[in-house]
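In what follows, a structure is listed as structure tokens, so that the remarks can point back to it.
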Ligand SMILES: Nc1ncnc2c1ncn2[C@@H]1O[C@H](COP(=O)(O)OP(=O)(O)O)[C@@H](O)[C@H]1O
Ligand SMILES: [Mg+2]
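Residue numbers (this note's numbering): 327 to 719.
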């Protein structure tokens, strides 16, 4: 038993050390440390400041700009200076309150497991409170809570128990609920009111509510009469500043002895609309494909082609999944890059789109499906690579 313990712990630290220095410094998933995270100093300070000064905060941006990364970066700082314990809860996979209970309690268990000492002893009360049993994952050695089916009243009771557990902790906590708008999909009634009442009571905890659906989140926190009305400040996350982002990328290439011109990076950032995920993905691939020779335009173009080719099957399949008007509309928006008046006569005529009413419907459907987003008065495609692919069609 002791040996097994040592092996899992050794493996854990081995991977932690290995994970600190990735082969490719342009990450496309996960978070390692501020070294691989570009800037966001102001936004990080804002989150850290909110947590330290007892304020809750709502973090908003379109998908894949960097909210989750920013939460990680702020939590890294809070953990470094040991001012707060941090809990990250990804609400996205939860379909109902029972799922929410599972994800939330599991995050607590994993956090407890990362501390020294007897994890099971520390989580006994929590497990009892939510009527869960503890088992150990045979691969990772992490304790897991097993919760059987619960009636709605029991689930509500469990939520209360989780917050009670947090309240009973001596430390200050920062808790992030990522993709929080997901709670609006829960079938139970009064979820907002229920959560709000517990959150309000937790004096040693501050909360970050983060989400990609601006419209929904703004209504949760900004609509008069709703339980969370004006209970948080807002932080809108914008794309990274081009100069800093370009310098960050060039620095990481240079560290690994790869030469790339700063202006070329900037042009490329502009081309990808500085959308963080797509930018990271592109430069991750460029890093992989480049050697000691200075990176030239031909290689940059080749990598773009490679990415579009890889995704081509998916993009072709959209043609079968979407209606003709929807696909034609996406193509038209892509060709314009952004469109402020998609139902104007000029736009419709230019792209051979028929009635404005069917285009309106298509636009709504594409927005609902997160193919298109509306920001600063214009419509744009979410997937920058899809946009580029359509532009080249
Ligand atoms: N400041 C940053 N520097 C480097 N990479 C970043 C930065 N912010 C986000 N990323 C990367 O961009 C991708 C999308 O970011 P993510 O935080 O998942 O976006 P969101 O939560 O807004 O959907 C991730 O792969 C992440 O690693
Ligand atoms: Mg995210």
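Backbone N, C-alpha and C define an ideal beta-carbon position, used for all residues, glycine too.
- Counting every other CB atom within 10 Å of its CB across the protein chains shown gives residue 351 a total of 16 or more, marking it as buried.
- DSSP places residue 654 within a helical segment (H, G or I) once states are collapsed to three.
- In this structure residue 464 is exposed. Its beta-carbon is surrounded by fewer than 16 other beta-carbon atoms within 10 angstroms.
- Closest in C-alpha terms to residue 374, from the list 364, 623, 402, 393, comes 402.
- Residue 710 is positioned such that its CB atom lies no closer than 8 Å to that of residue 609.
- Listed in chain order, the beta strand (DSSP E) runs fully inside the stretch 347-403 are 383-386, counting runs of at least 3 residues.
- Under the DSSP assignment, residue 532 falls in the beta strand (DSSP E) whose first and last residues are 531-537.
- Assignment of beta strand (DSSP E) within the stretch 407-476, counting only whole runs of 3 or more residues, yields 411-416, 458-462, 469-473 in chain order.
- Here residue 685 has 651, 655, 668, 669, 674, 679 as same chain residues with Cβ atoms under 8 Å from its own Cβ, once five neighbours each way along the sequence are excluded.
- Sorted by position in the chain, 393, 394, 504 make up the residues whose C-beta lies under 6 Å from a heavy atom of ligand 2.
- The continuous stretches of alpha helix (DSSP H) do not include residue 552, and DSSP gives it neither H nor E.
- Beta-bridge partners assigned by DSSP to residue 704: 701.
- Around the beta carbon of residue 601, 16 or more other beta carbons lie within 10 angstroms, which makes this residue buried.
- Straight-line measurement puts the Cα of residue 695 at about 11 Å from the Cα of residue 707.
- Inter-residue distance for residue 450 and residue 551 is about 38 Å (C-alpha atoms, whole angstroms).
- For residue 676 and residue 665, the gap between their C-alpha atoms comes out near 13 Å.
- Judged by DSSP in its simplified three-state form, residue 694 adopts helix.
- As a beta-bridge residue in DSSP terms, residue 499 pairs with 411, 531.
- At a threshold of 7 Å, residue 355 counts as near ligand 1, since its beta carbon sits closer than that to one of the ligand's heavy atoms.
- Looking at the backbone, the Cα of residue 661 and that of residue 719 are separated by about 10 Å.
- In this structure, residue 707 has its beta carbon at no less than 7 Å from each heavy atom of ligand 1.
- In this model, residue 491 and residue 477 are separated by some 21 Å (Cα to Cα).
- Within the same chain, 411, 530 come within 8 Å of residue 495 by CB-CB distance, once the 5 residues on both sides are set aside.
- The beta carbon of residue 498 is closer than 6 Å to those of 410, 530 in its chain, skipping five residues each way along the sequence.
- Looking at 382, 715, 693, the one whose alpha-carbon comes closest to that of residue 540 is 693.
- Residues of the same chain with a CB within less than 6 Å of the CB of residue 521, apart from the 5 flanking positions on each side, do not exist.
- Cβ contact annotation for residue 560 (same chain, cutoff 6 Å, sequence separation greater than five): 384, in chain order.
- Between the stretch 627-645 and the stretch 698-705 there are fewer than three C-beta pairs closer than 8 Å, too few to call the two in contact.
- Rounded to the nearest angstrom, the gap between the Cα atoms of residue 437 and residue 512 is 26 Å.
- Nearest neighbour of residue 440 by Cα position, chosen from 474, 370, 427, 405, turns out to be 405.
- Residue 509 is a Cβ neighbour of residue 417, given a cutoff of 8 Å.
- In the DSSP assignment, the residues bridged to residue 559 are 383.
- Taking 8 Å as the cut-off, the Cβ atoms of residue 489 and residue 536 do not count as close.
- Judged by DSSP in its simplified three-state form, residue 600 adopts coil rather than helix or strand.
- Distances taken from the Cβ of residue 696 to the heavy atoms of ligand 1 include none shorter than 7 Å.
- With fewer than three CB-CB distances shorter than 8 Å, the stretch 424-434 does not count as touching the stretch 561-575.
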